[in-house]
Amino acid sequence: MIDNNLNFYKICFDNSREGILVTDLLGKIILVNKRVESIFGYKEHELVNENVNLLLPKSIRNKLKLANNHNISYQEINIDQRNLYGIHKDGHKVPVIIGLNTFELNGQTYVKAFISDITNYKKKEQLFRKLNVNLEQEVKTKNEELKVINKQLKEANKILIIEIQNKIIAEKKVKSALEKEKELTNMKSNFLTLASHEFRTPLSGIMTSATLIDKYAQNNSVEKIEKHVDQIKAMVHHLNRILYDFLTLEQLNNNEFKLNNTNLNPFELINSIIVDIKSLLKKEQKIKYIVFNSNKEISCDKKILIAVITNLLYNAIKYSHDNSLIELSSKIRNKKLIISIKDNGIGIPKNDQKHIFERFFRARNALEIQGTGVGLNIIKGYVDNMGGSIKFKSIENIGTTFTVNLPIKSTIKIEHYEKEGVTY
C-alpha cells in the first residue's frame with residue numbers, strides 16, 4: 484500500500500505542469516521533477532546535490548542569501564516576476580515565474596520552488612507589442628493619407644506628399660524667421676530701455692555739476708569746482724564706455740572683428756589702465772596688482788586687451804563695497820597671457836551664473852546697480868574670437884574671480900622691472 488502511494492505521488496510529481504524543485508536551506512538541490520529537467524535541460528542526477536545557484540540569476544541568488552542571513556520568510560522576498568529568468572544548461576536565459584515557500588520534515592526546513600516556463604507567453608507578448616506598434620503606425624499612416632486625399636483628391640499621392648513636406652518646411656522657416664524677428668525686437672527694446680536709463684543718469688549728473696560749477700564760479704570756490712569737474716569727467720568716461728560697448732556689439736554682430744597684434748609690455752599696459760580707472764574707485768577702495776614675468780614683451784591686440792581688463796576692473800569696482808580690495812594679477816605661461824581679477828563684492832547668485840555671459844542679462848542682486856548687461860557678453864566675444872577662454876568662480880555676498888587666458892604670438896625679453904607688486 485505504501486509503495487503504491489509512493490508511486491502515485493511520484494507520478495503526480497513528475498507529471499506536474501510546473502517544475503518542482505526542493506532544496507535545503509543552504510541551497511543544495513534535494514529533489515526535482517521531470518518538468519524541471521525539461522525547463523533547464525539537465526537530468527535529475529546532474530542537479531541533485533548541486534547548488535540551486537546553478538539555475539538562478541545573480542539577482543535571485545542575492546535575495547535568497549539575504550533571506551537566509553536575516554531570517555526572512557521566502558514569501559516576503561520581493562521578486563520582480565516580470566523580468567525573471569533562469570539559466571538553461573546551454574547558457575541561454577529561460578523566462579520563468581517562481582513561487583517559493585518552506586516546509587519542515589523530520590525537524591529540518593526545506594525550500595520548495597514552483598517554476599513555470601513562460602517562454603511562449605513572452606514570445607506572444609513580444610508579438611503583441613510588435614503588432615500593437617505596427618497597428619499604431621498603420622493608423623497614423625492612414626490618417627496622413629486621409630489628410631492628403633482631403634486636400635488634393637485629383638493629384639497623385641506622390642505629388643501630395645511632396646507638397647505637404649514643402650509646406651511643413653516652409654512653415655518651419657516662417658516660424659523660425661518670426662522667432663528671430665521677435666528676438667531681434669526684444670533685443671532692440673532691451674537696448675532702448677537700457678540705453679535711455681544708462682544715459683539719463685550721467686547726463687542728469689553732468690547737468691547738475693555744470694549748474695553747481697556756475698554757482699561756485701561766482702564765489703571763487705575752486706576746490707568745489709574741481710570736485711564737480713572730476714565728477715563730470717567720470718560721467719563722460721561712463722558715457723564713452725557705454726557708447727563703446729554698443730558700438731562693439733554692432734561690430735561683433737556684423738563679424739567686423741579683426742585682430743591687430745602689436746608688441747607691448749602687459750605690465751606697463753595694465754599699470755596705465757589702473758591709473759586711468761583710479762578715479763572710479765569708491766571710498767577707501769584699493770587695487771593691488773601682482774605681476775609675474777614683467778620683463779617680457781608680447782605680441783597681442785592692444786585694443787582688445789585694454790577693453791577686457793577695463794571692463795573686468797570696472798565691474799569689480801562697481802559691484803564691490805567701499806573700503807574693499809581688488810586683486811589683479813598677470814603672468815605669461817605656455818604662450819598664454821593669464822589675467823586674474825578678484826573682488827570681494829556682492830558675487831553672482833548660483834542660479835544666475837549660467838546666464839552671466841548672455842547679452843543684456845543682469846543678475847538678480849545687480850538690478851538696482853547701474854549697468855547695461857552687455858559688458859561680459861562683449862568680453863566673451865573678444866576672448867572667443869582670439870581663441871582664448873574666460874572663466875569665473877563666484878559666491879554670493881563673498882566675491883568673484885574672473886580668469887582670462889589669451890593666446891600670444893611671441894614673447895621678447897626686455898628690461899627687468901624691480902617692482903613685482905603694486906597697490907593703488
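Going left to right, the sequence shown walks through residues 484 to 907 as this note's numbering numbers them.
All C-beta atoms in this analysis are idealised placements derived from N, C-alpha and C, irrespective of residue type, glycine included.
What's the C-alpha gap between GLY828 and ILE696?
-> 34 Å
Secondary structure of LYS765, DSSP reduced to three states | coil
Where GLU879 sits in the DSSP three-state scheme | coil
Reduced DSSP category for ILE891 - H, G, I as helix; E, B as strand; rest coil = coil
Euclidean distance between Cα positions of LEU722 and ASP713 | 14 Å
Tell me which same chain residues have a C-beta within less than 7 Å of the C-beta of LYS572, skipping the five on either side of it?
-> PHE523, GLY524, TYR525
To the nearest angstrom, report how far apart GLU646 and ARG847 are at their CA atoms.
-> 49 Å
Rank ILE632, PRO832, GLU851 by C-alpha distance to the C-alpha of PHE875 and give the top, closest one.
-> PRO832
Please check the pair LYS819 and PRO890, which I expect to be a contact at CB under 8 Å, by giving their CB distance rounded to whole angstroms.
-> 6 Å
Taking ALA790 as part of the alpha helix (DSSP H), name the residues at either end of that continuous run.
-> 785-801
GLY830 and ARG845 closer than 7 Å at C-beta = no
DSSP three-state assignment for LEU614, whether helix, strand or coil | helix
Cβ neighbours of TYR604 in the same chain (closer than 8 Å, five flanking residues each side left out) | PRO578
Exposed or buried, what is THR592 when buried is set at 16 or more other beta-carbons lying within 10 Å of its beta-carbon?
-> exposed
Separation of LEU614 from PHE496, as counted between CA atoms = 38 Å
I think VAL708 touches ILE689, with their Cβ atoms under 8 Å apart; what is that distance to the nearest whole Å?
-> In the sequence on display, residue 708 carries Ile and not Val. In fact, because the Cβ distance is near 14 Å, the residues do not count as touching under 8 Å.
Just to confirm, are ASN798 and ILE862 a CB contact at a threshold of 7 Å?
-> no
Can you name the start and end residues of the beta strand (DSSP E) that VAL865 belongs to?
-> Per the sequence presented here, residue 865 reads as Tyr, with Val not at that position. First-last for TYR865: 858-868, but that is the alpha helix (DSSP H), not the beta strand (DSSP E).
Does the Cβ-Cβ distance between ASP744 and LYS892 come in under 7 Å?
-> At residue 744 the sequence reads Asn, which differs from the Asp that was named. Yes, the Cβ-Cβ distance between ASN744 and LYS892 is below 7 Å.
Does the beta-carbon of ILE652 have 16 or more other beta-carbons within 10 angstroms, so that it is buried, or is it exposed?
-> exposed
Just reading off the alpha helix (DSSP H) that ASN754 is part of, what are its end residues?
-> 749-760
What are the start and end residues of the beta strand (DSSP E) that includes LYS595?
-> 591-600
Proximal residues to HIS720 (C-beta, below 8 Å), its chain only, five neighbours per side dropped = SER762, LEU763
According to the Cβ coordinates, are SER499 and ASN516 closer than 7 Å?
-> yes
Out of ILE824, ILE503, ILE839, which has the shortest C-alpha to C-alpha gap to PHE597?
-> ILE503
Out of THR883, GLY590, ASN702, ILE513, state which residue places its alpha-carbon closest to the alpha-carbon of LEU796.
-> THR883
Inter-residue Cα distance where the pair is VAL887 and GLU810 = 14 Å
Helix, strand or coil for THR624 per DSSP?
-> helix
Going straight from the alpha carbon of TYR492 to that of GLN609, what length do you get?
-> 37 Å
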